[in-house]
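Asks:
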Amino acid sequence: MLELKNITKVYNPGTVTEMCLFKDFNLTVKDGEFISVVGSNGSGKTSMLNIICGSIAADSGEILINNVNINRQKDFKRYNNIGRVYQNPAMGTCPNMTILENLSLADNKGKPFGLSFGINRKRSDFYREQLESLGLGLEDKLNLKIGSLSGGQRQAVALIMATLTPLDFLILDEHTAALDPRTADIIMELTDKVIKDKKLTAIMVTHNLRYAVEYGSRLLMMDKGQFVLDLSGDLKTKTSTDDILGIFNKISIECGN
Amino acid sequence: MELEMLELFVSTVTEGLIYALLSYGVFITYTILDFPDLTVDGSFPLGAAVTAVLLVAGVNPYLTLAIALATGAMAGLVTGLIHVKLRVRDLLAGIITMTALFSINLQIAGSNLSVEREIDTIFTAPPTLAVFGSLSLIYRKLIVSLLIALICKLLLDIYFRTKSGLLLRAVGDNSTLVTSLAKDKGLVKILGLVISNALVALSGCVVCHAQRSFSSTMGTGQVVFGLATVIIGTTIFKKIGAVKGTTAVVVGSILYKMCIQIAISLGLPANLLKLITAVLFLVILVFGNYRKGSVRDNA
Amino acid sequence: MKKIISVLLALVSILAVTSCGKKSIPLIGINQYGEHASLDNCREGFLKGLEDAGLKEGTNYEIDYQNAGFDDSIATQIAQNFSSKNVALMCAIATPSATACFAAAEDKDIPVIFTAISDPVGAKLDSGNITGTSDKLPVESQLKLIRSVQPDAKTIGIIYTTSEPNSVSTIAEYNEKAGDYGFKIESVGVTAQAEVTQAVDTLINKGVDCFSNLTDNNVVGVLSSILEKTNEAGIPVYGSEVEQVKKGCVAAAGIDYYELGRKTGDMAAKILKGEAKADEMKYETISEFNIYVNSDALSALKLKLPEDIAKTAIESGK
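Protein chains in written order, with the working numbering: chain B, 23 to 279; chain S, 61 to 359; chain Y, 21 to 338.
Here you go:
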């Protein structure tokens, strides 16, 4: 369970560009929830993710995972329990290393990276299985360098890599935004499948209102560092994309976007 | 006359093998870590300075190899800490360490230190003579240097296949991924710098054994040498995927030394030496890049 | 793979063709550390020395002159080249070339003769099949010279390169002997040419009465910029060698590098003729020095050379 309590974040305090992004921001994510977060640019979606992951520090407030305060934990330490897929397909994989090497790396997450052999041939079958589930034909290309794959393929591998080892949370940071519509759909379906299969708790930030509506168990819309919409369960299933779009436009016009 | 040429060839290849250790080091930082490390200009003579002092003091010549590795490792550690903990840019961190090492080397061995012929080096000490005594000094230097270069290469090749080695490769390829794997990318970079500079100092150590001297100016330009050999080696072997980077840079180092020796042997006006060397490099690189009807690589 | 082999084969064959030399008459390999007025004078003197000893180039010997461009590893490869050619004699000009030649000749019988090394003992080049000439600066004579031109001067400023062995040992001697002549030495160590002009400012600021040069490559290399500053401040600079006086230093108690080279050539001729062996010859220092003076520079700073010195001084100004 993830809790953000009374998070306050001010950008550039004391300067002309001072901007208070979050003021007493609260969020609770229960185990097993799949949250979609939408909002306009600057609403704080990505900042919220970065605060959770530790890339940005909050000015005050607490971040708790399973009731443990992780405020002081360095960013890389938090990733022990968190998996993250980035918007840029290049950020989730190593282009000059093979698929096998990348998966071996991801497989070792949480364990020491010592002097034992990096690639475990015995796990190759397991990796093939995982790649097969993507349906992209990558299971035969274990020794291909990731750099030669397309953006969508790389993102798919990044997704597998992020979820290969046990996680508390999966953070999806606009991970389909850089893909063409068809590939984006494929990746989104895969994401949903992986989350369901591995029973993950997930937070997905997206600009795609349709995905936000169709996938996930809870929908949040953010604006200026606050939630303006929080739909779960039946309320969510009854909402359509048009409804969300309407609310979105209303907010946007109000801010003069 | 053939003997003459063979001897020259042998001593040139030996130079190439000794300096290949430096190339390994630059390969690790420049190619794998994507970190242009100028510490090399300081850690190379550091290895030689320490070695010269130890040899003159009567320390076991073989032990100097290990000690040189350790001092180089420390130099790399310093650069790493400056870069990671003090958040100084990669290039500058290396420059800072290199500059400091210049003074430190002077303190260790003065501006110049020679090792008398009476003192044994790894090429003349009893254990080496016991195995290779039948060979002349030039061939002994070749064999011993070859052994050292090979052992280092094998160890590196094995290392890059370990988990730690994969992580090292990852940090240069995509450091964000390293963070996502819950590892401190700063520490991984530091490890790379440590290993790299240890090898560079080892190169300086063996050079000191071969030349029986340390000179405080011997480090100048070594990072340029290292980069040149790495680029020459990797360019030539670009098409052949099966050749490991470590092999490529050994070839690069030997080729570089050969080019210089050719320039010397051509008997052209002495000042044109560096120009001729540059032309030879160009020829090799163009030759290595030439592909009939090729498509440019994707960046 | 084929490409690599062909590249290597090509290089090897070029190496083979170019490294073949005629072996009929003795080959002398000259390994000069870098192009530099003093070092060049040495080399020319060396060639003259061989001639004066009755040997003729082309008949009694051939010369292979190589220049390492102030690069230690090139000096090493040049020495290896000479060694593989089994030259009759290696002539090394400056310390890095000498250590390189000595190392390359380690298990062969090739004699090494060096020149322009200030401290052969410190460089451990004083025993074995090696000999030569040392250009130890006549520090005392320089101090005497300065004292005679500037009877009231108290401080001498010296800029030197910390990594040049010659400079370091000479500074030590200056510090040792300066007191005898009533001087104090203010020295600034630099690591590169770029730092020299700042060092000049520092010393002028400290109120030195004059500057004295060592045979320091970096300092001599930027002499004109030094002189610009010192002339403006009205402070004389004493050189260490005739070329510097020509450039504008007021005077110098210096070694004639040409003579030094000639003496070296003479020693080399003895070895070639078989009259002596390098390991039996102790290295020689030139004790003779000349006083070079640049009268224009002297008078511009309102200084005068005392009569007795002026008599034997060699006018080197324009």
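Just so you know, even glycine gets a beta-carbon here, dropped at the ideal spot from N, CA and C. Treat the numbers as computed from the prediction; the structure is a model and nothing was measured.
Am I right that residue 43 of chain B and residue 69 of chain B are in contact with their C-beta atoms under 8 Å? What's the rounded C-beta distance?
Replies: That belief holds up - the Cβ atoms of residue 43 of chain B and residue 69 of chain B are roughly 6 Å apart, short of 8 Å.
Asks: Looking at the strands, I want to know which residues DSSP matches up with residue 111 of chain Y.
Replies: Y:50, Y:133
Asks: Contact criterion: CB-CB distance below 9 Å. Does residue 14 of chain B meet it with respect to chain S?
Replies: Residue 14 of chain B lies beyond the range of chain B shown here (23 to 279); nothing can be said about it.
Asks: Given a threshold of 16 other Cβ atoms within 10 Å of its Cβ, counted over all protein chains shown, does residue 278 of chain S qualify as buried or as exposed?
Replies: By the neighbour-count definition (other C-beta atoms within 10 Å, threshold 16), residue 278 of chain S is a buried residue.
Asks: Which of the three DSSP states is assigned to residue 48 of chain B in this structure?
Replies: strand
Asks: Who are the near neighbours of residue 124 of chain B in its chain, counting only those whose CB is closer than 8 Å to its CB and skipping five residues on each side?
Replies: 115, 116, 168, 179, 183
Asks: For a test of the three-state rule: what should DSSP assign to residue 98 of chain B, helix, strand or coil?
Replies: Residue 98 of chain B falls in the helix class under three-state DSSP.
Asks: Assign residue 274 of chain S to one of three DSSP states: helix, strand, or coil.
Replies: For residue 274 of chain S, the three-state secondary structure derived from DSSP is strand.
Asks: So residue 106 of chain B contacts chain S; which residues on that side make the cut at Cβ distance below 8 Å?
Replies: 240
Asks: Where DSSP assigns a beta bridge to residue 151 of chain B, which residues make up the other side?
Replies: Paired residues: none, contrary to the question.
Asks: Any Cβ of chain S within less than 9 Å of the Cβ of residue 101 of chain B?
Replies: yes
Asks: Within the same chain, show all residues whose beta-carbon is closer than 7 Å to that of residue 72 of chain B, passing over the 5 residues directly before and after it, in chain order.
Replies: 78
Asks: Chain S beta carbons: is any one of them nearer than 9 Å to that of residue 132 of chain B?
Replies: yes
Asks: Have a look at residue 193 of chain B and residue 102 of chain S and give me their C-alpha separation to the nearest angstrom.
Replies: Here the C-alpha atom of residue 193 of chain B lies approximately 44 Å from the C-alpha atom of residue 102 of chain S.
Asks: Have a look at residue 73 of chain S and residue 306 of chain S and give me their C-alpha separation to the nearest angstrom.
Replies: In this structure, the straight-line span from the alpha carbon of residue 73 of chain S to that of residue 306 of chain S is close to 16 Å.
Asks: Please work out which residues of its chain come closer than 8 Å, Cβ to Cβ, to residue 201 of chain S, disregarding the five sequence neighbours upstream and downstream, and give them in chain order.
Replies: 71, 74, 183, 270
Asks: If the cut is a Cβ gap below 8 Å, which residues of chain Y does residue 166 of chain S touch?
Replies: Near residue 166 of chain S (Cβ distances below 8 Å), the residues of chain Y are 182, 183.
Asks: Would you tell me roughly how many angstroms separate the C-alpha atoms of residue 187 of chain Y and residue 188 of chain S, rounded to the nearest one?
Replies: 38 Å
Asks: Would you report the Cα separation of residue 119 of chain B and residue 102 of chain B, rounded to the nearest angstrom?
Replies: Straight-line measurement puts the Cα of residue 102 of chain B at about 22 Å from the Cα of residue 119 of chain B.
Asks: I need the straight-line Cα distance from residue 272 of chain S to residue 276 of chain Y, nearest angstrom please.
Replies: 31 Å
Asks: Output, in sequence order along the chain, the residues in the segment 204 to 238 of chain S whose CB is closer than 8 Å to any CB in chain Y.
Replies: none
Asks: Would you tell me roughly how many angstroms separate the C-alpha atoms of residue 66 of chain Y and residue 330 of chain Y, rounded to the nearest one?
Replies: In a straight line, the C-alpha of residue 66 of chain Y is about 30 Å away from that of residue 330 of chain Y.
Asks: Between the segment 236 to 245 of chain B and the segment 56 to 63 of chain B, can you find at least three pairs of beta-carbon atoms closer than 8 Å?
Replies: The segment 56 to 63 of chain B makes contact with the segment 236 to 245 of chain B, as at least three CB pairs between them are under 8 Å.
Asks: Leaving aside the five residues before and after residue 144 of chain S along the sequence, list all residues of the same chain whose C-beta is less than 8 Å from its C-beta, in chain order.
Replies: Same-chain partners within the cutoff: 246, 247, 249, 250.
Asks: Considering only residues of the same chain and omitting the five flanking positions on each side of residue 209 of chain B, which have a CB-CB separation below 8 Å?
Replies: Hits under 8 Å: 174, 177, 178, 181, 197, 198, 201.
Asks: Looking only at its chain, what residues have a beta carbon closer than 7 Å to the beta carbon of residue 345 of chain S, apart from the 5 residues adjacent to it on each side?
Replies: 292, 295
Asks: Taking the continuous beta strand (DSSP E) assigned at residue 93 of chain Y, which residues delimit it?
Replies: Counting along the chain, residue 93 of chain Y falls outside any beta strand (DSSP E), though it belongs to the alpha helix (DSSP H) covering 92 to 104.
Asks: Are the C-beta of residue 99 of chain S and some C-beta of chain Y separated by less than 9 Å?
Replies: no
Asks: Please state the DSSP three-state secondary structure of residue 142 of chain B.
Replies: coil
Asks: At a CB distance below 9 Å, what residues from the segment 142 to 176 of chain Y approach chain S? Give them in sequence order.
Replies: The residues in question are 142, 143, 144, 145, 147, 148.
Asks: In its own chain, which residues sit with a C-beta less than 7 Å from the C-beta of residue 138 of chain S, not counting the 5 before and 5 after it?
Replies: 157
Asks: Taking C-beta pairs closer than 8 Å, name the residues in chain S that residue 31 of chain Y reaches, listed in chain order.
Replies: 315, 318, 319, 322
Asks: So for residue 356 of chain B, helix, strand or coil by DSSP?
Replies: As shown, chain B starts at 23 and ends at 279. That puts residue 356 of chain B outside it, with no answer to give.
Asks: So which of S:69, S:320, S:170, S:93 has the shortest CA-CA distance to residue 29 of chain S?
Replies: The structure shown does not extend to residue 29 of chain S, since chain S spans only 61 to 359, so no value can be given for it.
Asks: Would you say residue 51 of chain Y and residue 90 of chain Y are within 9 Å of each other, going by their C-beta atoms?
Replies: no
Asks: Would you say the segment 179 to 199 of chain Y touches the segment 132 to 146 of chain Y, given that touching needs at least three Cβ pairs under 8 Å?
Replies: These segments touch.
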